[in-house]
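Take a look at the structure below.
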Amino acid sequence: MSAVQIPRVALIWMLLAVAGSLVLHSHHLPVWMWVVVAVIFGWRWLVYQGRFSYPGKIAKAVLVAGATVAVVLSFDKQFSLESASAFLVAACILKLLEMKTLRDGHIVVFLSYFLLAVGFLFDQSIVAGLAGISGVWLITTALIALHQNRRRQFGWQSARLSGGILLTSLPFMLVIYLIFPRLGPLWSVGLQSSSAKTGLSERMSPGDIANLSQSDELAFRVSFANDQVPPRRELYWRALILDNYDGRSWQPGAEVGVQWAPRSWQPPESAEGVLEYEIIQEATDQKWLFALRGVAAVESGTGMTFDDRLIHRRDVHQRIRYRAKSWPTVTLDENGLSKLERWRYTQLPKNGNERTRQWAQQLRAVLPDDEQFVQNIWQQFRQQEYYYTLKPPVLADNDIDAFLFDSRRGFCAHYSGALTFAARAAGIPARVVAGYQGGEWNAEEKYLSVRQYDAHAWVEVWLQGKGWVRVDPTAAVSPERIELGLEQAVQEEGTFLDDQFFSAHKLKSIDWLNQLRLQMDSINYYWQSWVLSYDNQRQKQLFQNWLGVQSYEKILYGFGLAFSAFFLLGAMLVWWNQRPKYRSVELKAWHQLQQKAAALGIETQIGETPSHYLQRLAKAFPKSADSLRSLDVMMMQALYAEPERYNTQQQKVIARAMNRLRRQLR
Amino acid sequence: MKLPIPERWRQRWREWLDRRIPPARQIELSHRSIFIIPNRTGLLFTVALVIMLMTAINYQNSLIYALTFWLFSVALAAMHFTYRNLSGLTIAAGHAYPVFAGDVIELPVRLLASEKKSHESLDIGFPEQPEISVDVEKGDSEDAGLSYRTQQRGWLNPGRFRMETRFPVGMYTAWTWVSLDFSVLVYPKPEWVPFVFAAGDGGEELEGAPSRESGNQDFHGLRPYQPGDSLKQIAWKQLARGKGLVTKEFDSDQGATCWLDWEVLAPANTETRLSRLTGWVLQAQQNGWKYGLRLPGTEIQPANSEIHKDQCLQALATYGLPHGPLSGLPHDKVAGAS
Chain A
26 MSAVQIPRVA LIWMLLAVAG SLVLHSHHLP VWMWVVVAVI FGWRWLVYQG
76 RFSYPGKIAK AVLVAGATVA VVLSFDKQFS LESASAFLVA ACILKLLEMK
126 TLRDGHIVVF LSYFLLAVGF LFDQSIVAGL AGISGVWLIT TALIALHQNR
176 RRQFGWQSAR LSGGILLTSL PFMLVIYLIF PRLGPLWSVG LQSSSAKTGL
226 SERMSPGDIA NLSQSDELAF RVSFANDQVP PRRELYWRAL ILDNYDGRSW
276 QPGAEVGVQW APRSWQPPES AEGVLEYEII QEATDQKWLF ALRGVAAVES
326 GTGMTFDDRL IHRRDVHQRI RYRAKSWPTV TLDENGLSKL ERWRYTQLPK
376 NGNERTRQWA QQLRAVLPDD EQFVQNIWQQ FRQQEYYYTL KPPVLADNDI
426 DAFLFDSRRG FCAHYSGALT FAARAAGIPA RVVAGYQGGE WNAEEKYLSV
476 RQYDAHAWVE VWLQGKGWVR VDPTAAVSPE RIELGLEQAV QEEGTFLDDQ
526 FFSAHKLKSI DWLNQLRLQM DSINYYWQSW VLSYDNQRQK QLFQNWLGVQ
576 SYEKILYGFG LAFSAFFLLG AMLVWWNQRP KYRSVELKAW HQLQQKAAAL
626 GIETQIGETP SHYLQRLAKA FPKSADSLRS LDVMMMQALY AEPERYNTQQ
676 QKVIARAMNR LRRQLR
Chain B
93 MKLPIPERWR QRWREWLDRR IPPARQIELS HRSIFIIPNR TGLLFTVALV
143 IMLMTAINYQ NSLIYALTFW LFSVALAAMH FTYRNLSGLT IAAGHAYPVF
193 AGDVIELPVR LLASEKKSHE SLDIGFPEQP EISVDVEKGD SEDAGLSYRT
243 QQRGWLNPGR FRMETRFPVG MYTAWTWVSL DFSVLVYPKP EWVPFVFAAG
293 DGGEELEGAP SRESGNQDFH GLRPYQPGDS LKQIAWKQLA RGKGLVTKEF
343 DSDQGATCWL DWEVLAPANT ETRLSRLTGW VLQAQQNGWK YGLRLPGTEI
393 QPANSEIHKD QCLQALATYG LPHGPLSGLP HDKVAGAS
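Those protein sequence lines, which keep their order, are chains A and B. Per the numbering used here, the first sequence runs over residues 26 to 691. Per the numbering used here, the second sequence runs over residues 93 to 430.
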């Protein structure tokens, strides 16, 4: 069986199927791989046409070894999702090349299915979904073509049949998709994508950046409970605290004290202005999550840190959804800082940026009040010649000095770094907070999209009696950045997304295009919230809303019952269709009489007349002999003597007599 | 591969099959006669699905979940599609000519599709015989010749042949065991021995009987080929020399009369005697003699014709056997008609 050759026409579909499964890998495969794919497809095509031969044993060994070495080298010997899928692709196309028997064909087809699945790890957009559907269709068609008769010509019948099978199985697929329990990962997967995620980073060194690269990639989406949407200027999404300055860059300090979800601090019942929201966050490969000030962890698997941030237990390698609560008006650390904390938030390198230190100390001498001191610097940023730009000059050593007193141009990182440095130099606890600010509100669908270009950094200072207070120096320099967003803030400069040629966000001024973009965005939102983030909780919610059932077990029982009912009905339908059909009542009665007699040992014989049969019965059952004989007479008369009087009435009489007889027979 | 199944169990299996799918001239496949199980490819696919599900769970990827469930549903639907590829197909026995025991016969089978659906990639064959692959378009019919090596003389009872399909996705094997009544007679295997003629009632040779030496085929001469001449007698060398088709004529006693008698083969057993008589019948027919056949309880008067030959061979084939093909089966009973 395994030596069965594959039909010739199947090869065309096989090539299409493998090509279909590679589409989703187009972004991350190295270019040379595509060349190899093209060469092997060409080779296989020539073999198909009989103009070239299959690779020999040596050629195969060389190809396998070459592909392995090439993959290892081109991914810098890293074992990542990309290199693993490149291996898979290589395996699949090499198998395609040497494929001869049906068994080889099956392996190629199943590998293609798997490649298609792996492709979804890189891309889960709607377009990827559509590519997946066409891929499944092509691969299934190839599978069918493999089993077609060898004599068949190339045609669409296998494609049509595979479409039919796929459509037939769609409803059942939807049911399983909805009810299959969504488990947490069974084990932690070591294999992760090695591609860098844009946006927020754990290191902020403004002096090194000459051009802040922007991206309109989505960072996360938020929907608020009860439509309580805070104004834009309050939307400071906190992700990281950068409290460790080494003279050049700001970095997060050590993580201490996390309260995990069910046991996390919660705002008191009496608290006013508590916000509840749900976030769908894109993969960051980091633990941090995004939340507003005064956060409380609610979703299991999330926790809140001592410095008022939300984090996840594991690195976020896939898009996730979580709920959180925030009480933005809460006073944080109002009772004062511990010695350690005070040291932590006022530490600076021993030297460097001397001008700033001196300036801060001079100012401190005049303004002993912490709040006034910070306020003063903020005012200076606002009133003096400071500019907001995405193309700041590169700064040498002592970059804070250079920025504050010479260049005076920068973006949020420069301003927040400088303010924090000055505050610490004056002995005021301060920290840089990194995250996102603002977002685009979709008024129709009521959600907020926060994109990578909304990334922001601001400052928090600790004030006696007020706790940690947010100070955003960028707002002093460029209020538009906070009130309206980055696009407006850099309008004059013209640097908004200037390294992105094809961003739809640049076309916001064309009204209908912008409408279209927002429409697409909301379709994407639904795709993400209903398809991609369909998880345990969504599942529960769905059962509750649609079916009014709370527990998962009840759902399973319900579906079990529904399925058994379905199969029972199906079986009954089959039985009903297969039941013997009689043209009239007396034929049915006659048949039943024969069955009864057969059960008692008197079988009907071939070529026997009814009369003869009844006489035999009369001999075998002397007790009923008389009624058998009278039935015989009755039948003879009805059928032969008076056929014109033989009507339904007569038929019923005879049938009744037969039934009576049948019950008598013992 | 082949497990030593006790004969008792095989017997039970055959009996069960006979009840479930009774032998007939014609049979329409339905749920009663179709068996279906997932095969090795199906298991391989299951393994692939499990790996995909693990990937979906570990990466919490909804699209992989969706793909996995879709393929799982496809695998379930495929069971129905594979079953459907056999169900509704009608298989009927065609007409076959008699053969000699030991010959390979091509048993004609006609496959009829209903108006509703086509049947693709059906593999048909007797066990341990080459299989053939057939497609039947909807509303159409297709003829297939199934190879079968005959073993015994008598009415042919080839047993069940297997019809199998894995179409469309190859994950399931659906099959049926069909027993068709072909009504084919298998003549005894001819054995070529010199003639021994029965003596007359008085022990003397019959008048006009061929001499014992004749039939040894002394070369007599050449004559033009006539249709019906044996291929063995064609003068191939003459043909090769470009002299056309010419038949070699041997010494024969045209019009001689003889009796081929069971009794003269006395010490040999029944089957050997039948084989030798078969050989004689064929030779006598070939030689153009008038020959009669005497078997215990049967006597066929001397004659020479194709019909006479068939009559003699039939008598030899069915000697000592119950009448009718497939003992116990009424000849014209058609499944589904009752």
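Note that the Cβ used here is the ideal one computed from N, Cα and C, for glycine as well.
Residue i, enclosing alpha helix (DSSP H) - first and last residue
| i | result |
| --- | --- |
| residue 72 (chain A) | 56-74 |
| residue 585 (chain A) | 577-603 |
| residue 471 (chain A) | Here residue 471 (chain A) belongs to no alpha helix (DSSP H), and DSSP marks it neither H nor E. |
| residue 440 (chain A) | 437-450 |
| residue 506 (chain A) | 504-508 |
| residue 482 (chain A) | Premise fails: residue 482 (chain A) lies in the beta strand (DSSP E), 480-488, not in any alpha helix (DSSP H). |
| residue 290 (chain A) | From DSSP, residue 290 (chain A) is part of no alpha helix (DSSP H); its letter is neither H nor E. |
Residue i, buried or exposed, once every other Cβ within 10 Å from all chains shown has been counted against 16
| i | result |
| --- | --- |
| residue 262 (chain A) | buried |
| residue 597 (chain A) | exposed |
| residue 665 (chain A) | exposed |
| residue 370 (chain B) | buried |
| residue 350 (chain A) | buried |
| residue 423 (chain B) | Residue placement at residue 423 (chain B) is flagged as unreliable, the pLDDT there being 37, under the threshold of 50; the coordinate-derived value follows with that caveat. Residue 423 (chain B) is exposed by the Cβ-count criterion. |
| residue 169 (chain A) | buried |
| residue 153 (chain B) | buried |
| residue 293 (chain B) | Note that residue 293 (chain B) scores 47 on pLDDT, short of 50, meaning its location in the model is unreliable; the coordinates nonetheless yield the value given after this. So residue 293 (chain B) counts as exposed. |
| residue 10 (chain A) | Nothing can be reported for residue 10 (chain A), as the shown portion of chain A is limited to 26 through 691. |
| residue 344 (chain A) | buried |
| residue 304 (chain B) | In this predicted model, residue 304 (chain B) has a pLDDT of only 46, less than 50, meaning its place in the structure is not dependable enough to derive any value. |
| residue 83 (chain A) | exposed |
| residue 134 (chain A) | buried |
| residue 553 (chain A) | buried |
Beta strand (DSSP E) segment containing residue i, residue limits
| i | result |
| --- | --- |
| residue 108 (chain A) | Here residue 108 (chain A) belongs to no beta strand (DSSP E); instead the alpha helix (DSSP H) covers 106-123. |
| residue 85 (chain A) | Where residue 85 (chain A) is concerned, there is no enclosing beta strand (DSSP E), although the alpha helix (DSSP H) it sits in stretches over 82-99. |
| residue 130 (chain B) | 127-130 |
| residue 633 (chain A) | From DSSP, residue 633 (chain A) is part of no beta strand (DSSP E); its letter is neither H nor E. |
Own chain residues within Cβ distance below 7 Å of residue i, not counting five before or after
| i | result |
| --- | --- |
| residue 505 (chain A) | 513, 514 |
| residue 64 (chain B) | Missing from the structure shown is residue 64 (chain B); chain B here goes from 93 to 430 and no further. |
| residue 393 (chain B) | 384 |
| residue 229 (chain B) | 205, 210 |
| residue 555 (chain A) | none |
Cut-off 6 Å between Cβ atoms - residues of its own chain near residue i, not counting five sequence neighbours on either side
| i | result |
| --- | --- |
| residue 184 (chain B) | 118, 202 |
| residue 407 (chain A) | 501 |
| residue 283 (chain B) | 367, 368, 371 |
| residue 291 (chain A) | 321 |
| residue 738 (chain A) | Nothing can be reported for residue 738 (chain A), as the shown portion of chain A is limited to 26 through 691. |
Contact set for residue i: own chain, Cβ-Cβ below 8 Å, skip 5 residues either direction
| i | result |
| --- | --- |
| residue 490 (chain A) | 359 |
| residue 295 (chain B) | Confidence at residue 295 (chain B) is low in this model, with a pLDDT of 42, below 50, so its placement is unreliable and no value can be given for it. |
| residue 354 (chain B) | 365, 369, 386, 387, 388 |
| residue 208 (chain B) | 180, 230 |
(Q) List, from N- to C-terminal side, the alpha helix (DSSP H) runs of 4 residues or more that fit wholly inside the segment 352-394 of chain B. (A) 362-379
Q) With contact counted as at least three CB pairs below 8 Å, one residue from each stretch, are the segment 422-432 of chain A and the segment 238-252 of chain A in contact? A) no
**Q.** Completely contained alpha helix (DSSP H) runs for the segment 314-343 of chain B, where each covers 4 or more residues
**A.** 328-332
Q.
At 4 residues or longer, what runs of the alpha helix (DSSP H) sit wholly inside the segment 176-205 of chain B?
A. List check, alpha helix (DSSP H) in window: nothing returned.
Q) Using 8 Å as the Cβ pair cut-off and three pairs as the minimum, do the segment 164-178 of chain B and the segment 182-198 of chain A touch? A) yes
**Q.** Sequence ranges, alpha helix (DSSP H) only - wholly within the segment 239-299 of chain B, length at least 4
**A.** Here no run is fully enclosed.
Q: Let me know the alpha helix (DSSP H) ranges lying completely inside the segment 171-229 of chain A, each 4 residues or longer, listed in chain order.
A: As far as the segment 171-229 of chain A is concerned, its whole alpha helix (DSSP H) runs of at least 4 residues are 182-204.
Q | Validate contact between the segment 327-338 of chain B and the segment 374-384 of chain B using beta carbons, cut 8 Å, 3 pairs | A | no
Q.
Can you confirm whether the segment 109-117 of chain A touches the segment 44-51 of chain A when touching is taken to mean that 3 or more C-beta pairs between the two stretches lie within less than 8 Å?
A. The segment 44-51 of chain A vs the segment 109-117 of chain A: in contact.
Q. For the segment 114-130 of chain B against the segment 154-166 of chain B, are there 3 or more C-beta pairs whose distance is under 8 Å?
A. no
(Q) For the pair the segment 233-241 of chain B and the segment 208-225 of chain B, tell me if three or more CB-CB distances fall below 8 Å. (A) Taking one beta carbon from each stretch, the segment 233-241 of chain B and the segment 208-225 of chain B have 3 or more pairs nearer than 8 Å; the two touch.
Q) Would you call the segment 172-182 of chain B and the segment 139-153 of chain A in contact, with 3 or more CB pairs under 8 Å? A) no
Q: Mind the definition here: the segment 672-680 of chain A touches the segment 607-622 of chain A only if three or more C-beta pairs lie below 8 Å; say whether that holds.
A: Yes, the segment 672-680 of chain A touches the segment 607-622 of chain A.
Q: Please confirm if the segment 447-455 of chain A is in contact with the segment 361-379 of chain A, defined as three or more CB-CB distances below 8 Å between the two stretches.
A: Under the Cβ criterion (8 Å, minimum of three pairs), the segment 447-455 of chain A counts as touching the segment 361-379 of chain A.
Q. So, do the segment 27-42 of chain A and the segment 160-169 of chain A have three or more beta carbon pairs nearer to each other than 8 Å?
A. yes
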